[in-house]
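Residue numbers for the sequence shown follow our numbering, so the first one is 11 and each next one is one higher.
Ideal Cβ positions, reconstructed from N, Cα and C, are used throughout, including at glycine.
For clarity, every value in this text was computed on a predicted model and none was experimentally measured.
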Amino acid sequence: MMSVVTVEKPISKVALPDWHGKVAELRQTCDSRRSDAFSLRNEARQLRNETNCRTQWDTYHNNVRLADRITEVSRWRELMNNCLVAVEKEIADLTSEKEITEMEIENLNLNFTLANECLSMRDQRGGADLCRDEAETELKHELSTLESLKKMLTDKAQAAWEQMNRLEEVRFQLIQDLQDKDETLEICRNNLGMDKNCANTSFKPDPLRLPKKLISYESWLEHCKYLKLRADNELAAAQKLRETMYVPRERARNDLKAQNDATNFALRKRIYETQRIKNELDWQRFNMIPDMDRLMKEITNLEAALLEKTNALKLAETRCENRLYRPGAELCRDEPMLGLADEVLQLRRTMHDLQDKLDTAKAT
11 MMSVVTVEKP ISKVALPDWH GKVAELRQTC DSRRSDAFSL RNEARQLRNE
61 TNCRTQWDTY HNNVRLADRI TEVSRWRELM NNCLVAVEKE IADLTSEKEI
111 TEMEIENLNL NFTLANECLS MRDQRGGADL CRDEAETELK HELSTLESLK
161 KMLTDKAQAA WEQMNRLEEV RFQLIQDLQD KDETLEICRN NLGMDKNCAN
211 TSFKPDPLRL PKKLISYESW LEHCKYLKLR ADNELAAAQK LRETMYVPRE
261 RARNDLKAQN DATNFALRKR IYETQRIKNE LDWQRFNMIP DMDRLMKEIT
311 NLEAALLEKT NALKLAETRC ENRLYRPGAE LCRDEPMLGL ADEVLQLRRT
361 MHDLQDKLDT AKAT
């Protein structure tokens, strides 16, 4: 009798060859998975190395680009700053020239007042002295010269004011450009100083977006060149204007001085001529007083002679009248009658001559 009862379970069993086949399949699967894992590790290591190198080189190149950009912007900023200093200096110089020109215009206004006052005073002359002489001609020519000089200086001052406005506009643009460049340099320097381990780095919603006011590099460079060129042109125009203000101003001073000398010479000449005529008239008056006294005495003598001839005429006419009353044959044309008639006629002619001479003397 058996001591152990062996009963097989009713399950399916794998044959030994199948088992060896399964083990071989598992071995092959494990080898394939290890090979795949090895390849994946190598590819991952290669990818990590490549991406690390690419990232480092990209960061390096961008750092170089940032440094170059900082250098370029700094150079342009230095140029713009030099232009700003030159523009501010030119504005100060042009303002000074404009103020000097305006002072010259004020001096011309004083000369206007003086010349007009001289003409007004000379219009107060009376009689024959109120004439058109050389002094009046020079004074009017001086007024004409002052008017032309004032117009020329006023035009220069107006041109200086307009040029100053253009310089102020350029100055404002330069200041605005410098502020933009300073802010740009600060941003670029901050970016250049950052690395991947900085604490202030984070993901951004859309860092690759393009702002509406974004311009190309060529447009930026063209803007900088245009601003620099405009500043240089305005500086050159302002310097030329200052030179054109100085030369005419000095020429105006010389022309005005020459005209003043000519006017003063004409006035002195007129004063000399007037004084000479006055002295001559005083001398004539001095000599005329005795002549007047003598003439008055002569008039008195003429009146006395006329009175004497009047009495003589009365006598002669009375005699003639009395002889007309002779009687009879005595009333004849004898020698006394002819002599008395002759005397009467002679006395009448004499009295007429004396009266004419007396009238002439009184009229003198």
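Original post:
Do the stretch 168 to 184 and the stretch 273 to 290 touch if we need at least three Cβ pairs shorter than 8 Å?
Top reply: no
**OP:** Determine the closest residue to Ala125 out of Lys150, Ala272, Arg343, with distance taken between C-alpha atoms.
**Re:** Lys150
Original post:
According to the neighbour-count rule (16 or more other Cβ atoms, all chains shown, within 10 Å of its Cβ), is Ala248 buried or exposed?
Top reply: buried
Subject >> Every unbroken beta strand (DSSP E) inside the stretch 230 to 260 [3 residues or more] >> reply: none
Original post:
Excluding the five sequence neighbours on either side, which residues of its own chain have a C-beta within less than 8 Å of the C-beta of Ser22, listed in chain order?
Top reply: none
Original post:
Would Lys267 pass as a contact of Ile309 if the rule is Cβ separation under 9 Å?
Top reply: no
Original post:
Is the distance from the Cβ of Leu245 to the Cβ of Val83 below 9 Å?
Top reply: no
**OP:** Verify whether the separation of the beta carbon atoms of Leu323 and Val354 is less than 9 Å.
**Re:** yes
**OP:** Keeping to the same chain, check which residues put their C-beta closer than 6 Å to that of Leu156; ignore five residues upstream and five downstream.
**Re:** Leu118, Asn121, Phe122
Subject >> DSSP state of Leu76 mapped onto helix, strand, coil >> reply: helix
Subject >> Cβ shell of Ala315 (< 7 Å), same chain only, five flanking positions each side left out >> reply: Leu364
Original post:
CB-CB under 8 Å to Leu368, same chain, minus the five flanking residues each way: which ones, in chain order?
Top reply: Ile309, Leu312, Glu313, Leu316
Original post:
Ile299 to Lys307, Cα distance in whole Å?
Top reply: 12 Å
Subject >> Of the residues Leu26, Ile101, Ile110, the one placed nearest Tyr256, counting alpha carbons only >> reply: Ile110
Subject >> Backbone CA spacing between Val24 and Arg43 [nearest angstrom] >> reply: 26 Å
Subject >> Residue from Leu231, Tyr282, Gly136 with nearest C-alpha to Met90 >> reply: Leu231
**OP:** With a threshold of 16 other CB atoms inside 10 Å of the CB of Met11, please say whether the residue is buried or exposed.
**Re:** Below a pLDDT of 50, predicted positions are generally treated as unreliable, and Met11, at 49, falls in that range; no measurement from the model is reported.
Original post:
Which residues bound the alpha helix (DSSP H) around Pro221?
Top reply: Pro221 -> no alpha helix (DSSP H), and no H or E assigned at all.
Original post:
Trp86: buried (16+ other C-beta within 10 angstroms of its C-beta) or exposed?
Top reply: buried
Original post:
Based on Cα-Cα distance, which residue from Met347, Leu36, Leu94, Lys250 lies nearest to Glu107?
Top reply: Lys250
**OP:** Would you tell me roughly how many angstroms separate the C-alpha atoms of Tyr236 and Gln189, rounded to the nearest one?
**Re:** 17 Å
Original post:
If you pair each beta-carbon of the stretch 259 to 276 with each one of the stretch 153 to 167, do three or more pairs fall below 8 Å?
Top reply: yes
Original post:
Between which two residues does the alpha helix (DSSP H) carrying Asn200 extend?
Top reply: 144 to 203
Original post:
For Ile115, which residues of its own chain have a beta-carbon under 8 Å away from its beta-carbon, when the five flanking residues on both sides are left out?
Top reply: Lys160, Leu163, Thr164, Ala167
Original post:
Quick one: what does DSSP say Leu341 is sitting in, helix, strand or coil?
Top reply: coil
Subject >> Cα-Cα separation between Asp271 and Ile281, rounded to whole angstroms >> reply: 15 Å
**OP:** Identify which residue in Pro221, Ser226, Val180 has its Cα closest to the Cα of Lys238.
**Re:** Val180
**OP:** Determine the direct distance from the alpha carbon of Asn321 to that of Leu348, and round the result to whole angstroms.
**Re:** 20 Å
Subject >> Phe383 in three-state terms, based on DSSP >> reply: Residue 383 is absent from the model: the chain starts at 11 and stops at 374.
**OP:** Whole angstroms is fine: what's the gap from Arg263's alpha carbon to Gln294's?
**Re:** 46 Å
Original post:
So, is Ala47 buried or exposed, given that buried needs 16 or more other C-beta atoms within 10 angstroms?
Top reply: exposed
Subject >> Cβ neighbours of Gln269 in the same chain (closer than 6 Å, five flanking residues each side left out) >> reply: Glu152, Thr155
**OP:** Please classify Ala209: is it buried, with 16 or more other beta-carbons within 10 angstroms of its beta-carbon, or exposed?
**Re:** exposed
Original post:
Where Asp205 and Thr211 are concerned, what is the direct C-alpha to C-alpha distance, given to the nearest angstrom?
Top reply: 9 Å
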